[in-house]
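According to mature numbering (1 follows the signal peptide of the UniProt record, and there is no 0), the residues represented by the sequence shown are -24 to -1, 1 to 186, in order.
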Amino acid sequence: MSMTQSFRMYRTVAGISFACLALSACTSPTYGTGKSASEQLLDDLGNATSITGDQTKRNVKYNPRPGLVVPAQARAEQLAQPQQSLANRETNPQWPETPEEARERLRAEAEANKDNPNYRSPLLAGNGTNGQMTETQKWEAFRKAKADAQGGTVVNTNTRKYLTDPPVEYRNVSQDELADLGEPELKKEKERKKKAALAGTGKSWWNPFQ
């Protein structure tokens, strides 16, 4: 191979390689930066290995940050005070009283009036502010619950108290159905044995002429 042919071959290979690089640069996305990914990578590597750095960034002048603007003393005194929280009974009398607070208040009230013969604590009133019952009411409730458990009180089945209860028509059963005991077990056993005896003969129990 002569030198001229070798030079032509190298020139052809270089042209093809350059054309491939140009096409790859044209087809690669730029993501709005005007540069392909490979070009941006080369620029970043060049900037990272550069000693001098970017001259345009070195010439940027930074101004000092201004100080805070503080209002005058006369104007500061005119500012509205923060609103107090209304989520407690000290600042809001309408705030509901918790059971613990009511118990402490009634105990303190009973302690303060322990020498007063005319004072009656709500804790002993029964069904009072705290919903407690006296001993007499507790015994009456116990006797009533015991009588209900023994069938002393007839439960009304014609009303539906909760949505989970079955409908009223499903709970009303006729007395005939309640008294019906069904077919006796002895009769069922005889029928079962009769069918088992006829199962191996090929005859039907309902056709005696077979």
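Note that beta-carbon positions come from the ideal geometry of N, C-alpha and C, so glycine has one too.
Put residue i into one of helix, strand or coil per three-state DSSP.
i: N23; result: helix
i: E87; result: helix
i: P142; result: coil
i: Q151; result: helix
i: T135; result: coil
i: V130; result: Since pLDDT at V130 reaches only 47, below the 50 mark, its modelled position is unreliable, and the value read off the structure follows with that caveat. Looking at V130 - three-state DSSP - the assignment turns out to be coil, as it is neither helix nor strand.
i: R81; result: helix
i: R34; result: helix
i: V(-12); result: helix
i: T53; result: What sits at residue 53 in the sequence shown is Glu, not Thr. In the structure shown, E53 sits in a helix (DSSP, three-state: H, G or I).
i: W71; result: coil
i: K170; result: helix
i: G104; result: Interpretation of G104 is limited by its pLDDT of 46, a score under 50 that renders its predicted location unreliable; the figure taken from the coordinates is listed afterwards. Looking at G104 - three-state DSSP - the assignment turns out to be coil, as it is neither helix nor strand.
i: T(-21); result: helix
i: A63; result: coil
i: T9; result: coil
i: D124; result: helix
i: A117; result: helix
i: A48; result: coil
Would you report the Cα separation of residue i and residue j, rounded to the nearest angstrom?
i: N57; j: P72; result: Here residue 57 is Gln; the residue named in the question, Asn, does not match the sequence. So the alpha carbons of these two residues sit roughly 26 Å apart.
i: A173; j: Y146; result: 42 Å
i: I(-9); j: Y(-15); result: 10 Å
i: K90; j: F118; result: 31 Å
i: A121; j: L154; result: 28 Å
i: V144; j: D152; result: 18 Å
i: N35; j: A(-11); result: 42 Å
i: P93; j: T67; result: 34 Å
i: Y95; j: E111; result: 19 Å
i: L21; j: S14; result: 11 Å
i: N39; j: P47; result: 24 Å
i: P42; j: A78; result: 58 Å
i: T140; j: D124; result: 22 Å
i: W115; j: P142; result: 33 Å
i: K163; j: K170; result: 11 Å
i: L44; j: R65; result: 41 Å
i: E167; j: L157; result: 18 Å
i: residue 187; j: A84; result: One cannot answer for residue 187 here, as it falls past the ends of the chain, which runs -24 to 186.
i: Q113; j: A63; result: 37 Å
i: Q59; j: E76; result: 27 Å
Could you tell me whether the Cβ atoms of residue i and residue j are closer together than 8 Å?
i: L82; j: S61; result: no
i: T9; j: Q16; result: yes
Please check if any C-beta of chain C sits within less than 8 Å of the C-beta of residue i.
i: V45; result: This model lacks chain C altogether, as it is built from one protein chain only.
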